[in-house]
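Here the protein sequences line up with chains X, P, E and Y, keeping their order.
If you're matching positions, the first sequence starts at 1 in my numbering and goes up one per residue.
If you're matching positions, the second sequence starts at 1001 in my numbering and goes up one per residue.
If you're matching positions, the third sequence starts at 2001 in my numbering and goes up one per residue.
If you're matching positions, the fourth sequence starts at 3001 in my numbering and goes up one per residue.
Number of protein chains: 4
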Amino acid sequence: MLNFMTSGESHGHYLIAILEGMPSGLAIDLKAVNHELARRQEGYGRGGRMKIETDQVELASGIYKGKTTGAPIGILSINKDFKIESMPELDRPRPGHADLVGSLKYHEGIRPILERASARETLLRVAIGGITRQLLNEFGIMITSHVFELGGINIEKSELSFEDIEKNKKDSQLNCTSTTAEKKMIALIDQAQKDGDTLGGRFEVRVKGLPMGLGSHVTWHQKLDGRIARAIISAQAVKEIGFGLSEAHGSLPGSQCHDEIFYEKSRGYFRKTNRSGGFEGGMTTGEEIVIRATMKPISTLRKALQSVNMKTKEAEKASFERSDTCAVPACSVICESIVAYEVANAFLEKFGGDSMAELRRNVDGYLKQIKS
Amino acid sequence: MLNFMTSGESHGHYLIAILEGMPSGLAIDLKAVNHELARRQEGYGRGGRMKIETDQVELASGIYKGKTTGAPIGILSINKDFKIESMPELDRPRPGHADLVGSLKYHEGIRPILERASARETLLRVAIGGITRQLLNEFGIMITSHVFELGGINIEKSELSFEDIEKNKKDSQLNCTSTTAEKKMIALIDQAQKDGDTLGGRFEVRVKGLPMGLGSHVTWHQKLDGRIARAIISAQAVKEIGFGLSEAHGSLPGSQCHDEIFYEKSRGYFRKTNRSGGFEGGMTTGEEIVIRATMKPISTLRKALQSVNMKTKEAEKASFERSDTCAVPACSVICESIVAYEVANAFLEKFGGDSMAELRRNVDGYLKQIKS
Amino acid sequence: MLNFMTSGESHGHYLIAILEGMPSGLAIDLKAVNHELARRQEGYGRGGRMKIETDQVELASGIYKGKTTGAPIGILSINKDFKIESMPELDRPRPGHADLVGSLKYHEGIRPILERASARETLLRVAIGGITRQLLNEFGIMITSHVFELGGINIEKSELSFEDIEKNKKDSQLNCTSTTAEKKMIALIDQAQKDGDTLGGRFEVRVKGLPMGLGSHVTWHQKLDGRIARAIISAQAVKEIGFGLSEAHGSLPGSQCHDEIFYEKSRGYFRKTNRSGGFEGGMTTGEEIVIRATMKPISTLRKALQSVNMKTKEAEKASFERSDTCAVPACSVICESIVAYEVANAFLEKFGGDSMAELRRNVDGYLKQIKS
Amino acid sequence: MLNFMTSGESHGHYLIAILEGMPSGLAIDLKAVNHELARRQEGYGRGGRMKIETDQVELASGIYKGKTTGAPIGILSINKDFKIESMPELDRPRPGHADLVGSLKYHEGIRPILERASARETLLRVAIGGITRQLLNEFGIMITSHVFELGGINIEKSELSFEDIEKNKKDSQLNCTSTTAEKKMIALIDQAQKDGDTLGGRFEVRVKGLPMGLGSHVTWHQKLDGRIARAIISAQAVKEIGFGLSEAHGSLPGSQCHDEIFYEKSRGYFRKTNRSGGFEGGMTTGEEIVIRATMKPISTLRKALQSVNMKTKEAEKASFERSDTCAVPACSVICESIVAYEVANAFLEKFGGDSMAELRRNVDGYLKQIKS
């Protein structure tokens, strides 16, 4: 079973993570991990910091001769922008951030709160996703994402194949499949930036190539869709998540909400639709996982919101620190990684095994079993 | 810290749960627990079984002289409808259920899968919610819910206070605040039943009276909104969850998505809006928790969907077992309980303490601290 | 991965446990489970209660047509001796029991403390051991135990094979392999009973037929010897545990403490000694697990110890409730079950798999791998 | 609740740990942490490596202006002796190490196994102990240890007060309270070194200043003595652990094994003996925790044991890498840290609270409560 911890502050010296439970014998491509970190920094509408730092991680331990050993993997990133101790304390908490509640709860001021609550922590979760994704790729499991709504502008087309997504978003600055929509989105971002305002949006994460039966219906805590929901909601600024038809499940009749079952000797059991988003009873159906999630607009606004000076208790405008106008594309990339981790975890739980060779043997045996 | 397990099948002899971690000295009102079970059975559109059984639980252990002792609480319900061993095996898995995937994964036929995957298990989660809710009530924390959409019919009014909800839904058969909408919903249910079809819907769960600072931003797994998301998605048939503005966070600008901060000496810090649904940085803001979730239509349709006979591999209609047409009101009640448990757990984690007296002292100290 | 909870008081109505994580398709022999419960009640030196009740459990859920389904297994035992609510409150805590500390911590008197702290809870752990042991037996893994010291009387012979133990203890009333020692032990128990005193002792638990590589050195929490130590120390009244040479590891030189490594084509790698007690780096070596543990004398003495009346704060003799003189044989049986659970858990973690068929396939693949 | 992970190999570039769950507002003295690391390197009988490296850690995150913030604490140590990638592969596994089993299980050779299984990992556990100990010290809870047996030589005196231990071992090279015994121990170590052999021993860890009621009897997994047992057995080379009278509980009668209860208005409840080692029902009694543990002799012998060449399958002597003759004093220091962590964890679980101020208020309230 996988497990991980992250540590580190936005402007601290180090960001550190440890990932436990990877099987031995997986060759890790560090470049591919760092490529995911680069994807996380992209997207029209990002502020200054993204240009300051090109994030990189080092695999500090758990790797020998380029391969996993079964031992915990240490992940280390050194902040070039290290200055936490010299940064000013904030006195006016920013609405939408952890500032107010965190500083009352932990009692050491706002600075340490915002430094830890910052989405910079997701750098580590993307690195972990970058590693676990390589495990999944070995078994033909692939992940993608795209932004289908931004500030109210929608791509309109709802039925996209995994391949469509990958192809159509290729040159996008917003991880978006529609060039028409993207133009409008960019204009909206430009306008928001002028206004000192920010924008949110909605995106989809997809996973394909899955075996049936990851997760389980037998207990509430083994349901894989539930685990994914928790992980996605834990991503900074994500406020909503659904699977497949998602909220449309509430308005359509049952006859249009479920996926009829078919069988062909060569394919085994399969579906022609995927309204469930790849889950029945908390288990993967073998169809694609389809997750739809909503990111709220960035909480730091140049046109600052009303707040209170915590020292004087007087009404004042919220503090402002350098920030983005829109980070929905980044959020979609981050959530790819979060999903990679959760799926890899369910995969290892189901199949056991300490080495890649053993894992592969166990997987092959199961795939053969459910086909016959 | 709370923890629980449930066990039992839909037509098995017993449903059993164990709840660990309750402090000692809480007087438990068993009638109130059983009242929640009765609420779970109500709602226009339920099928035959709800009339067969009036669910009741017994507190089998962990209670002494009517009060908790700190020991695990055993919860026991005896099924009057006990007949699992004599029920027929199914050969045509029902789309939308765990039938197909579960039977391939566990390899012992469809019957044991559907018996465990059944929403009957939520009886126990409602009992657990009924107990943990009593803990919360002691501290002035109250929970309610209402159905705001059913089969596409919406109540329209979006800004309801906790008190409005409680008052307006009083005589509703659908846990709904609008009599106009309810009439249309009932007509729709009648039609669906005639058609052999089923209906889903959307509902809101609200929690009021919370202190600031339950949950934490410091690690992904301590974020309380994430935990709630997992628990709600693990409820049978729930496919979507959001907080506050929920998916509307994707279309509104930042200036309309965050909750400005105010201060008055008598109240401490507070907000005039609650777009966040009560969470910033995964922590309670002290405003109401507002959860919106979507339940898909019941997966068992009288007008059966296409399936495959698992013995012959021939295409056939799915099996049919007695079922409801619509269970959205029940689902909203179940989710009240699920939220009660998660909030109580975060409450106990934050405040520690083995007895109610100790818990109360710790809570009081904190409330005083954050006000000053 | 396995997990379990227990609930219930010594004189409560029900004792309840839930066991999660068993694979599907294992035929459960309930008689064999109840046989373990009977073994737990045996042993010269037990008091009155053992004669009142013949403990039995019912498998309340998770079993279908005699086999596991993969769902949580509910275990239920009804106390014939149910009278907790009418029993007198104690005012003089008994040294060695949880009475004093527990009642101060939980603040509801001594009665609920002693009722939960009682070793009666181990009835459930033996039932769980009785189930998990059946899983292990399917893979040729067997467990035994014997008492090698009681009240200072030792069996002297230290090198016993698994088969010796099983054979020599056959007719013992004390789970002891030496008839000579047993006679002395019985005389000692008789004397202690006359004196109103109690006796402890030491016992060994053995597991044979294990594959190499259960547990792991990669993290502290995966070390199987550590997990077993925790579980054994958590058994009521156990105060010490060691592996293999145990405390003698402290006095012998390294050249006499480690197990040299040998290889034969037909057997693979093996050892001629087993000083390690079956563990290197927290992993099973494939040799027998050899655990030595110490049980303190029963804490309830007829010749009561000095205590304090908690109401008056006056010095008084401790309360006395019906009790045994010596329960070391029972404790050894209980610890067999505890070890069965821990080993089965490590087994399932290593091999994964949802059904017995899948588990067996995964195990076979691994055994073949490490031999070649 | 505390939790931690460690990562890193003996000759890898970095050793990394993350510690979650510390309250905010604790001033951390890094020098004191590094002082514990220095203590871990001391002791007569250590080999070459201890002279190469003076271990130091850096607090990489989670600290702001010298104090904890409530966020996870990153701990980083850079190996000066970094050469893992250029070190030779071993082909002859060393008995007593994880070499054989680990390499068969993980399938990537012996080198990555020994690098991770190495006791060098305890550097991080000592750093974690160094931090958590500072939390305990704030509440007057202190920890010490001493070696009472080494290679069969015993200090003889069994009844030592905490203060005796601290005073008598002051100038010891072996963390030993008896100069007479120490002389013999040193001679024995010298002889063992000449012989190419190694030595183990036994030591005691003590904790004083504890409140009653850490841990709980209500579930098996909350018993603090069990948790400590697991953690201590997980320390490299520890094979046995007991509490208080430990294995002597097996030979003494009950009347000499339990601690009678007394009360004085000024002190509250107390004991005049401490045979239990500070635990009843898995809870602290308020008396000192007394742990006795056994470390086996170092597994790497210059006079190498019999092994098998894993490539040729021929019988050969085991590989030899630079090693110590005796590390019992180091082990006792390591176990102080392990116990510090476990006690701090139980302390935080019982009292809750996010900041030191809140924790202190909760503790004070409880101490007042149990006295009255």
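By construction, the Cβ of each residue, glycine as well, lies at the ideal position given by its N, Cα and C atoms.
Proximal residues of chain E, C-beta to C-beta of residue i below 9 Å
| i | result |
| --- | --- |
| R292/X | Those within 9 Å of R292/X in chain E number zero; the least Cβ separation is about 29 Å. |
Supposed contact pair residue j and residue i - C-beta distance, whole angstroms, cut 8 Å
| i | j | result |
| --- | --- | --- |
| A2344/E | T2198/E | Not really, about 33 Å apart at Cβ, beyond 8 Å. |
| S332/X | I128/X | Between I128/X and S332/X the Cβ distance is about 17 Å, and since that is not below 8 Å, they are no contact. |
| E2020/E | P2088/E | Their Cβ separation, rounded to whole angstroms, is 38 Å, which puts E2020/E and P2088/E out of contact at 8 Å. |
| G3043/Y | P3329/Y | 3 Å |
| L3026/Y | S3077/Y | At roughly 21 Å, the Cβ-Cβ gap does not stay under 8 Å, so L3026/Y and S3077/Y are not in contact. |
| R1302/P | S1246/P | Actually they are not in contact, since the Cβ atoms of R1302/P and S1246/P sit about 33 Å apart, beyond 8 Å. |
Where residue i falls, given that 16 or more other Cβ within 10 Å makes a residue buried
| i | result |
| --- | --- |
| T1180/P | exposed |
| F3279/Y | buried |
| G2244/E | buried |
| F1082/P | exposed |
| E1240/P | buried |
| M2283/E | buried |
| M1/X | exposed |
| A2187/E | exposed |
Interface residues of chain Y facing residue i [CB-CB closer than 7 Å]
| i | result |
| --- | --- |
| V1218/P | G3070, A3071, P3072 |
| G2242/E | K3239, E3240, T3294 |
| F1351/P | G3352 |
| N2104/E | What sits at residue 2104/E in the sequence shown is Leu, not Asn. Neighbours of L2104/E on chain Y, chain order: M3212, G3213, I3370. |
Of the residues the options, the one placed nearest residue i, counting alpha carbons only
| i | options | result |
| --- | --- | --- |
| F162/X | V205/X, S307/X, F82/X | V205/X |
| R3275/Y | D3354/Y, I3289/Y, E3264/Y | I3289/Y |
| I3084/Y | M185/X, T69/X, F270/X, P93/X | T69/X |
| E3036/Y | T3054/Y, G3066/Y, S3255/Y, G3268/Y | T3054/Y |
| L1100/P | V57/X, G140/X, I261/X | I261/X |
| I3075/Y | G3130/Y, T3284/Y, W3220/Y | G3130/Y |
| V207/X | D324/X, D29/X, L136/X | L136/X |
| A3357/Y | H107/X, G25/X, H97/X | H107/X |
| I3028/Y | L3301/Y, K3067/Y, H3011/Y | K3067/Y |
| S1216/P | E1264/P, T1285/P, H1249/P | T1285/P |
Amino acids of chain P, ordered along the chain, whose beta-carbon sits closer than 7 Å to that of residue i
| i | result |
| --- | --- |
| R3227/Y | By Cβ distance, chain P contributes nothing, its closest Cβ being about 14 Å from R3227/Y, past 7 Å. |
Proximal residues of chain X, C-beta to C-beta of residue i below 9 Å
| i | result |
| --- | --- |
| V1339/P | In chain order: nothing, as chain X lies at least about 14 Å away. |
| C1335/P | In chain order: nothing, as chain X lies at least about 12 Å away. |
| R2361/E | R361, N362, G365, Y366, Q369 |
Where residue i meets chain E, residues with beta-carbon distance less than 8 Å
| i | result |
| --- | --- |
| R3111/Y | Neighbours of R3111/Y on chain E: none; closest Cβ ~14 Å, over 8 Å. |
| V3308/Y | I2261, F2262, Y2263, Y2269 |
Neighbouring residues, chain X, relative to residue i (Cβ below 8 Å)
| i | result |
| --- | --- |
| P1093/P | I261 |
Listed by chain order, chain Y residues near residue i by CB distance under 8 Å
| i | result |
| --- | --- |
| M1001/P | M3001, E3349 |
Interface residues of chain P facing residue i [CB-CB closer than 8 Å]
| i | result |
| --- | --- |
| T285/X | L1100, V1101 |
| M2022/E | Under the 8 Å cutoff, chain P gives no residues; its nearest Cβ is about 11 Å from M2022/E. |
task: Determine, using beta-carbon pairs with one atom in the segment 3056 to 3065 of chain Y and one in the segment 142 to 162 of chain X, whether at least three such pairs fall under 8 Å.
output: no
- prompt: Should the segment 2360 to 2369 of chain E be called in touch with the segment 3110 to 3120 of chain Y, which here means at least 3 C-beta pairs below 8 Å?
  reply: no
query: How about the segment 2219 to 2228 of chain E and the segment 3227 to 3235 of chain Y: do they share at least three Cβ pairs that are nearer than 8 Å?
result: yes
message: Does the contact criterion of 3 or more C-beta pairs under 8 Å hold for the segment 2012 to 2026 of chain E versus the segment 1002 to 1014 of chain P?
response: yes
query: Just checking, does the segment 1184 to 1200 of chain P make contact with the segment 250 to 268 of chain X on the three C-beta pairs under 8 Å criterion?
result: As far as the Cβ criterion goes, the segment 1184 to 1200 of chain P touches the segment 250 to 268 of chain X, which means the pair count is three or higher.
- prompt: Listed from N- to C-terminal order along the chain, which residues in the segment 3137 to 3162 of chain Y have their beta-carbon within a distance smaller than 9 Å of any beta-carbon of chain A?
  reply: Any reference to chain A falls outside this structure, whose protein chains are X, P, E and Y.
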